[in-house]
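Peer 1: First the structure, then my questions, so here it is.
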Amino acid sequence: MLLLTALSLVAIGTPGCTQPEPAEVPEELIGVWVTDDQRYEGRFLKLEARTIHFGIGGDQATENPIIDVETIQEEGTSIYRIHYLSPEGLEYSQTLNYDPEGEEIRYKNRPSVVWKRVEIEIEAAESARSNLEADGSNPVASLEQG
Numbered sequence: 000m001l002l003l004t005a006l007s008l009v010a011i012g013t014p015g016c017t018q019p020e021p022a023e024v025p026e027e028l029i030g031v032w033v034t035d036d037q038r039y040e041g042r043f044l045k046l047e048a049r050t051i052h053f054g055i056g057g058d059q060a061t062e063n064p065i066i067d068v069e070t071i072q073e074e075g076t077s078i079y080r081i082h083y084l085s086p087e088g089l090e091y092s093q094t095l096n097y098d099p100e101g102e103e104i105r106y107k108n109r110p111s112v113v114w115k116r117v118e119i120e121i122e123a124a125e126s127a128r129s130n131l132e133a134d135g136s137n138p139v140a141s142l143e144q145g
């Protein structure tokens, strides 16, 4: 009986046995972001409360659940490190600098590229995500590395 009680307590009350609540993106980042930089033509970044989407050209996009958001305030800029899972379940992160005055974001690894929020919804993202899920590819890896 003592063993059964101990096992019950371990299963019910042990920290780490439950999944943490997904992190939420700050309201100021939610939306679809694009850049005029020709190197990223046809690409977009879409941030929702609990997901980050990468539009990688054409009708291709990925949808990635966010698992943590770190925030740092520095010289009038908010720096957000967004941790997310790839479609394959690997953990990645993107660091974004948000300037509230210009309402723009910049990737930490590409500070010269300015991303602005647009008021349109990228409809192709959903069909592209379905296409990627069907073939199992992850073209976002090239974006993340360079």
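So the sequence shown is numbered by numbering that gives the first Met the number 0: it starts at 0 and just counts up by one.
Here a beta-carbon is modelled for each residue, glycine too, at the ideal position from N, C-alpha and C.
Given a threshold of 16 other Cβ atoms within 10 Å of its Cβ, counted over all protein chains shown, does Q37 qualify as buried or as exposed?
Peer 2: Burial call: exposed.
Peer 1: Determine the direct distance from the alpha carbon of Y97 to that of I71, and round the result to whole angstroms.
Peer 2: Using only the alpha carbons, I get a separation of about 10 Å.
Peer 1: Can you tell me where the beta strand (DSSP E) holding L44 begins and where it ends?
Peer 2: Residues R42 to L46.
Peer 1: With N96 as the anchor, note down where its beta strand (DSSP E) starts and where it stops.
Peer 2: Segment E90 to D98, the beta strand (DSSP E) holding N96.
Peer 1: Do G41 and the ligand MG come close, with the Cβ less than 7 Å from some heavy atom?
Peer 2: Among the components of this structure there are no ligands whatsoever, and the ligand MG is therefore not found.
Peer 1: Are there 16 or more other CB atoms within 10 angstroms of the CB of E62, so buried, or fewer, so exposed?
Peer 2: Classification for E62: buried.
Peer 1: Under the rule that 16 or more other beta-carbon atoms within 10 Å means buried, what is L44, buried or exposed?
Peer 2: Label assigned to L44: buried.
Peer 1: Which one of T34, E74, E47 and Y39 has the shortest CA to CA distance from V113?
Peer 2: Ranking T34, E74, E47 and Y39 by Cα distance to V113 puts T34 first.
Peer 1: Considering Cα atoms alone, identify which of L46, D58 and E87 is closest to W32.
Peer 2: Closest option to W32, Cα to Cα, is L46.
Peer 1: For the segment 74-82 against the segment 92-110, do three or more pairs of beta-carbon atoms, one drawn from each stretch, fall closer than 8 Å, so that the two count as touching?
Peer 2: Counting Cβ pairs under 8 Å, three or more are found: they touch.
Peer 1: In or out: A60 buried (at least 16 other Cβ within 10 Å) or exposed?
Peer 2: It counts as buried.
Peer 1: Looking at the structure shown, is R49 part of a helix, part of a strand, or coil, going by DSSP?
Peer 2: In this structure, R49 counts as coil in the three-state DSSP scheme.
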